[in-house]
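Q: The structure's right below; bear with me while I get my questions together.
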Amino acid sequence: MKLRAIIRETVEPKQGDLPQSVIVEFVGDKEKQHFEVLFYAFDPYRHKIRKWDTWELTIKWKSEIFEDPKTKVKSYFTYLFCTKATPVHQMQK
552 MKLRAIIRET VEPKQGDLPQ SVIVEFVGDK EKQHFEVLFY AFDPYRHKIR KWDTWELTIK
612 WKSEIFEDPK TKVKSYFTYL FCTKATPVHQ MQK
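Numbering follows this note's numbering, in which position 75 of the sequence shown is assigned residue number 626; successive positions increment by one, without gaps.
And the structure:
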């Protein structure tokens, strides 16, 4: 799925083996919610994704169900992964 997103927080360099994450607001979201998008193969810092830029992100969704062993209560998590990113509008350097 391709979605346009405005970068809402500064992108930091990668540290360790964990995926990088970027906080975005999707263009057209009336509630102006912020979402965390994970980057595994694509390095957002090296590709100069910066706060206030608008990018078109190719997003994949992955859900995970966690069941508490004691209470048997289930928690559901949905992760957003970016597999490709294309700049739409970048702030001047």
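Note that CB positions come from ideal geometry on N, CA and C, so glycine has one too.
As the structure is a prediction and not an experimental result, all values here were calculated from the model.
Does the stretch 567 to 577 come close enough to the stretch 590 to 604 that 3 or more CB-CB pairs lie under 8 Å?
A: Result yes; three or more Cβ-Cβ pairs closer than 8 Å.
Q: If I follow the unbroken beta strand (DSSP E) through residue 627, where does it start and stop?
A: Taking the sequence shown and counting its residues from 1, one reaches residue 627 at position 76. Where residue 627 is concerned, the enclosing beta strand (DSSP E) stretches over 625 to 640.
Q: Residue 611 by DSSP, collapsed to three states: which one?
A: Along the sequence shown, read from residue 1 onward, the residue named residue 611 stands at position 60. Looking at residue 611 - three-state DSSP - the assignment turns out to be strand.
Q: Could you check the C-alpha separation between residue 625 and residue 559 for me, to the nearest Å?
A: Indexing the sequence shown from 1 puts residue 625 at position 74. Indexing the sequence shown from 1 puts residue 559 at position 8. Cα-Cα distance, rounded: 31 Å.
Q: Return the first residue and the last residue of the beta strand (DSSP E) that residue 555 is part of.
A: To locate residue 555, count along the sequence shown from 1; it is residue 4. Element bounds for residue 555: 553 to 558.
Q: For residue 562, which of helix, strand or coil comes out of DSSP?
A: For this step, residue 562 is matched to residue 11 along the sequence shown. Three-state result, residue 562: coil.
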